[in-house]
Each structure stands twice: as structure tokens, then as C-alpha cells.
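K.L.:
In UniProt numbering, the protein residues as written are 1 to 193.
Can you read through this structure? Questions will come right after.
Okay, structure coming up:
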């Protein structure tokens, strides 16, 4: 049975694969493993646990120089990952700043997305929306939530979370509803005394 090993060059971090004719050839290579070459694992999963244990036991341990190279490679990877995370964070912050700036130029009377949680109350779904929740919006959302609470009260539930789309400014018609639409998730309500 052929065995393929996944290898790593401890100086460059490059990975490669090497195939061997059988367990005996693999074991011989592992005993004489080239310097600065680490074995990441067996690619083929058809080995028994005993075979895998024999191969691990046969591998020449890393010497001090190889261990230092392995540590340096790990540190370089960590630094690269940190730099990538920092770059991503800067990109995200720039995108958020552009989004906040774009929000300033939008119609202030456009529909507003409001989120409600029974434990935190009402808040804007978009934290970058510069419009505040007006008293009219708060009253309309509270009435909408109370109506849904009545719907689920017989089951011992309350509105746990809701997402509500509201018209924050002047209504297009006097008969128009401020709440355009919404959805909610009921949760078990507090026990009544």
C-alpha cells in the first residue's frame, strides 16, 4: 500500500508531498528525514492506528536548529496573520466611515429599520444611521409590539425580538400607518403573580 506524506520546509514554510511504496520505505525515510523538513501528516487515511503510531515513532525528532526554525516560522505566520487582521480592520473601518458619510446624504424621511428586544428595548437596526428614534416612532413601535403581545399572551408569551420598518418623518397620507411592516419572535413571558 502506497503512503503519501505531507511535508513542510521549515525554512520557507512551503508544503510538498512525497509518496512511498509501502510502510517499510516510509519508515526508512522518516528515520533519515532530511534536515529542516517536517512531516505534517499522512495524506492517505487508509492507515490503521497501529501503522500510524509506528510511523510517528520512527520519525527522527527535530534537532535544536530545526525546532528554532519551526518556532521562527510559527512566529512569522502569527505576525502575518496579525498584519492581515489589522489590514482587514482598517478596510472595515474605512467602509463603515464611508457608510456613515453616505447616510448623511440620504433622505431623512426614508423608512427606518428599528430592532426591539424585550430586555434592551428599541434601537436602530443600523448603528450608523444618524437619525434618532423620535417620540412618534417610539410610540408607533410600542403600539405595534403591544398588539403582538396581546396575540401571544394566551400562550404565556411576549414579543422577545422584533424588526420593524417605520416611516420616521411626515406620513405620505394622513391615513397612512407609520409602521410599514415588521416581524417578531415570541418568547416565554414572565410568570404572572
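Even glycine gets a Cβ: it sits at the ideal position worked out from N, Cα and C.
Which one of 147, 169, 133 has the shortest CA to CA distance from residue 184?
P.N.:
Comparing Cα positions, the closest option is 147.
K.L.:
By a C-beta neighbour count over all protein chains shown, 10 Å radius and 16 as the cutoff for buried, is residue 144 buried or exposed?
P.N.:
Residue 144 should be labelled buried.
K.L.:
Of all the options 160, 97, 79, which has the alpha carbon lying nearest to the alpha carbon of residue 119?
P.N.:
That would be 160, whose Cα lies nearest to the Cα of residue 119.
K.L.:
Quick check: what's the CA-CA separation for residue 153 versus residue 162?
P.N.:
Taking the straight line joining both Cα atoms gives about 16 Å.
K.L.:
Quick check: what's the CA-CA separation for residue 50 versus residue 1?
P.N.:
C-alpha separation (whole angstroms): 15 Å.
K.L.:
List the endpoints of the continuous beta strand (DSSP E) containing residue 159.
P.N.:
Element bounds for residue 159: 157 to 166.
K.L.:
Can you tell me where the alpha helix (DSSP H) holding residue 90 begins and where it ends?
P.N.:
First-last of the alpha helix (DSSP H) with residue 90: 64 to 104.
K.L.:
With DSSP as the reference, label residue 7 as helix, strand or coil.
P.N.:
If DSSP states are grouped into helix, strand and coil, residue 7 belongs with the strands.
K.L.:
Would you give the residue range spanned by the alpha helix (DSSP H) that residue 26 belongs to?
P.N.:
From DSSP, the alpha helix (DSSP H) with residue 26 extends over 23 to 31.
K.L.:
By alpha-carbon positions, which one of 44, 177, 155 ends up nearest to residue 141?
P.N.:
Ranking 44, 177, 155 by Cα distance to residue 141 puts 177 first.
K.L.:
Is residue 158 near residue 181, with beta carbons less than 9 Å apart?
P.N.:
No, the Cβ-Cβ distance between residue 158 and residue 181 is not below 9 Å.
K.L.:
How long is the line joining the alpha carbons of residue 60 and residue 4, rounded to whole angstroms?
P.N.:
Those two C-alpha atoms are separated by around 17 Å.
K.L.:
Just checking my contact of residue 10 with residue 37 at CB under 8 Å: how many whole Å lie between their CB atoms?
P.N.:
That pair is a contact at about 7 Å.
K.L.:
Which whole-angstrom value is the C-beta distance of residue 96 and residue 112, which I expect to be below 8 Å?
P.N.:
Wrong, their Cβ atoms sit about 19 Å apart, outside the cutoff.
K.L.:
Using the C-alpha atoms, what's the distance from residue 125 back to residue 14?
P.N.:
Computed Cα separation, rounded: 45 Å.
K.L.:
Per DSSP, residue 188 forms a beta bridge with which residues?
P.N.:
DSSP, once it has assigned bridges, lists 157 as partnering residue 188.
K.L.:
Report yes if the C-beta distance between residue 39 and residue 17 is below 9 Å; otherwise report no.
P.N.:
No.
K.L.:
Relative to the C-alpha of residue 45, which candidate in 12, 6, 29 has its C-alpha closest?
P.N.:
The shortest Cα separation from residue 45 among 12, 6, 29 belongs to 6.
K.L.:
For residue 48, tell me which candidate among 68, 28, 23 has the shortest Cα-Cα distance.
P.N.:
Checking every option, the nearest Cα to that of residue 48 belongs to 23.
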